[in-house]
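To keep things clear, I will list the structure first and then write my remarks on it.
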């Protein structure tokens, strides 16, 4: 026993062993235990040994000579008595056949009976058989017959031998039997674990896992099982496959287990009054659930059971984790597929619609650019109309595609260090034609730092706002575009001195297809929605207001990260 | 076109839409070019080998193979200027096409004038530059032999990096250079994370070369793609 302990300690690199001080039990048991401790102390080497005293009144251990779990079987006593009687009968018969036989041959036959019994029966019945044999031999066969008297020392020795043989053979048998039992239990556990692992591997649905666990475990542990899984919101939820209904307090214990990742409940130090024992299902990404076991047995689970429970919970956690990862990968595959589909749709849409637009634009362009001299004024005007209408149609298609991309979440800002001056210049260049009749002033401080933003999205925002100003104000109106850094944000302002925004429109101005009461026709109704979408895609915000001195003011705020701003000079 | 008088340049149009092909033919022939046509990628590659065109107009949305693969296949053996003509307006696709060897990118719908201007620039850039040539664009004058830069006849002092940047634009005058291409050329293979520096040097160059740095006319930003040095016609 001591050697086994030290071997295990060596395998696990144990530095300390705690043993209980021997108390209670028979003198023999106590002596055995003391011997174990003494051996431990002698051979432990570098390992610290702690011996703890036990308050015998608290534990209330009663000295029990035999292990409690061995059931006292009446049939074994009957069998013992029967076999001894049979041996006696055989002896009596032999006496009739061979009357001159000595008393020692009868003693040997009785001894044989005791040996045979000791190999099959428990220690108790064997001792009963030994006692009976001794009495029978002394009374019936040992001279003086029919009297309990022993005259010679050899006879007394023979009587004593019955007990020695019974105990020795009985102990041997008991030990072999115990080993057999242990071996069978180990095998059962290994098989159970193997079967569980196989079933878990075969489980294709998440729901099958608790089902299999409950079926397998209630059999192996002779307990009622509850399986609690962590749902998407992070709460424990009991799976319907469980075989016992958990009360409210039990749920509290399970929640504690989930949080502390430590077993609790019955047979543990935390909440020992609970109905069941709860163990966490620990996976690499944290605890994925809790197993509850309501044991039939009244004694705490043995070390073997504990080890098996550990192995089971590990396997279950692994299976759940595997399932979760599989679900995640499946979902992302699905997402990628849907993204690809919608991208394809957008691409073919833009291709199918824009190709005819390109044909019209190109044809009209050819008319103006090469045949101008042959054209009458009316014809020229007609071609101009065609060009303007196609340009508007093209803008509308572009805007619709942009809105679709925004709303389906396909706009992913590409944040790069950008020169705000360059951004503003490009926006002005791209809207030069529309703003040709307006007075545009640009105010960008020369020491503006480089800013991390999506150049194209911000450019589209600015061109949309500038086109919007050009569209909604009469020619000759002053339009101002300014940029500055204000706290942790880049602020871009497009302001005009036009009629301003109608008060009833202010709240809805960024809505799709919203038109102000005095808006001229020809817009797409999407420009400002796109502005809002592009700014928000970059984590910024946009506000529309009327300046006190008159005119509309659009203010964009784009957040600056500290690493993003870099001195330009 | 100066060389149109001696021998008209041939332009190969690879485009599956018959209507666009017809219109391009009209517009190119009026511009003084000879036109060859192909309606699919495979046909286009074959035609490019057969008629050895002076320039290629390539649509990216072809029925039989991806326009980008056609581009890469052509680039395996030919340095002919290739203009990509497509409705795919997204910047990433422009960058991919330019990085795969396209000389320029025109988005449908385009105006005839714009297309012809881009085509002229691409054809010009295909001619080998003379060793001691002097590059002129508007007020800018760059003497490649003496490494002197003049604006309106006034000598301008540039730092080594600024000159290297300008030289790169002069060598590819009229062509869009992507951010990635510029970063690799100036700062080497691991220059990819120096976008901020590129922005700063572009601002310096504009300050020194442009008449009004607030409205650049020489070094134009191609939003989300890169920059282009404008060549006057």
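Residue numbers (this note's numbering), protein chains in the order written: chain H, 1 to 569; chain P, 1001 to 1233. Just so it is clear, CB atoms sit at the ideal spot from N, CA and C, and this is done for glycine as well.
- Residue environment for residue 82/H: exposed (fewer than 16 other C-beta atoms within 10 angstroms of its C-beta).
- Exclusion of the five residues before and after residue 1134/P leaves 1143 as the residues of its chain whose Cβ lies within less than 6 Å of its Cβ.
- Proximity to residue 1008/P across 1020/P, 1033/P, 1052/P, 1095/P peaks at 1033/P, based on C-alpha coordinates.
- From the beta-carbon of residue 1171/P, no residue of chain H is found nearer than 7 Å; the closest lies around 22 Å away.
- Residues of chain P with a Cβ closer than 7 Å to the Cβ of residue 421/H are, in chain order, 1203.
- The residue among 9/H, 38/H, 14/H with its C-alpha nearest the C-alpha of residue 22/H is 38/H.
- Secondary structure note for residue 1010/P: it is in no alpha helix (DSSP H), and the uninterrupted beta strand (DSSP E) holding it is 1010-1014.
- A straight-line Cα-Cα distance of about 24 Å links residue 253/H and residue 216/H.
- Excluding sequence positions up to five before and after residue 517/H, its CB lies within less than 8 Å of the CB of 502, 504, 505, all in the same chain and listed in chain order.
- As summarised for the stretch 1008-1081 of chain P, the continuous beta strand (DSSP E) elements at least 3 residues long and confined to that stretch are 1010-1014, 1034-1038, 1055-1059, given in chain order.
- By the Cβ criterion, the stretch 548-562 of chain H is in contact with the stretch 486-496 of chain H, since at least three pairs of Cβ atoms, one from each stretch, lie closer than 8 Å.
- Residue 376/H and residue 429/H have their C-alpha atoms roughly 32 Å apart.
- Taking 8 Å as the threshold, the shortest C-beta distance from residue 1159/P to chain H does not fall below it.
- Close CB contacts of residue 1178/P within its chain, under the 7 Å cut and outside five residues either way in sequence, are with 1095, 1098, 1099, 1225, 1226 (chain order).
- Using a CB distance cut-off of 8 Å, residue 425/H counts as an interface residue toward chain P.
- Within the stretch 1102-1113 of chain P, those residues whose Cβ lies closer than 8 Å to any Cβ of chain H are, in chain order, 1108, 1109, 1110, 1111, 1112, 1113.
- Listed along chain H is no residue with a C-beta nearer than 8 Å to that of residue 1136/P; the closest approach is about 23 Å.
- Here residue 48/H is bridged, per DSSP, to 16/H.
- With a threshold of 8 Å between beta carbons, residue 395/H makes no contact with chain P.
- Interface residue (Cβ-Cβ distance to chain P less than 8 Å): residue 363/H is classified as such.
- Residues are counted here when their Cβ sits less than 7 Å from a Cβ of chain P; for the stretch 447-459 of chain H these are 450, 455, 456, 459, given in chain order.
- The beta carbon of residue 243/H lies closer than 7 Å to those of 214, 218, 224, 225 in the same chain, with the five residues before and after it left out.
- Within the model, the alpha-carbon separation for residue 1059/P versus residue 1086/P is close to 5 Å.
- Taken through DSSP and simplified to helix, strand or coil, residue 295/H comes out as strand.
- In this structure residue 1020/P is in contact with residue 355/H, their Cβ atoms being roughly 7 Å apart against a cut-off of 8 Å.
- Rounded to the nearest whole angstrom, the CA to CA distance from residue 357/H to residue 319/H is 57 Å.
- Looking only at 236/H, 241/H, 305/H, the smallest Cα-Cα distance to residue 280/H is reached by 236/H.
- Within the stretch 452-511 of chain H, complete alpha helix (DSSP H) segments of at least 4 residues are found at 455-472, 503-506, given in chain order.
- Annotation for residue 134/H: no beta strand (DSSP E) segment contains it, though the alpha helix (DSSP H) segment containing it runs 123-136.
- If you draw a straight line from the Cα of residue 482/H to the Cα of residue 529/H, it is about 21 Å long.
- Beta-bridge partners assigned by DSSP to residue 441/H: 480/H.
- The stretch 377-416 of chain H contains, as complete alpha helix (DSSP H) runs of 4+ residues, the segments 377-407 (chain order).
- Taking a contact as a CB-CB distance under 8 Å, the pair residue 304/H and residue 189/H counts as one, their CB atoms being some 7 Å apart.
- Taking the CA atoms as reference points, residue 394/H sits about 19 Å from residue 1024/P.
- Contact with chain P is absent for residue 47/H, since none of that chain's Cβ atoms lies less than 8 Å from the residue's Cβ.
- Put simply, the CB of residue 461/H is far from chain P, with every gap to its CB atoms at 8 Å or more.
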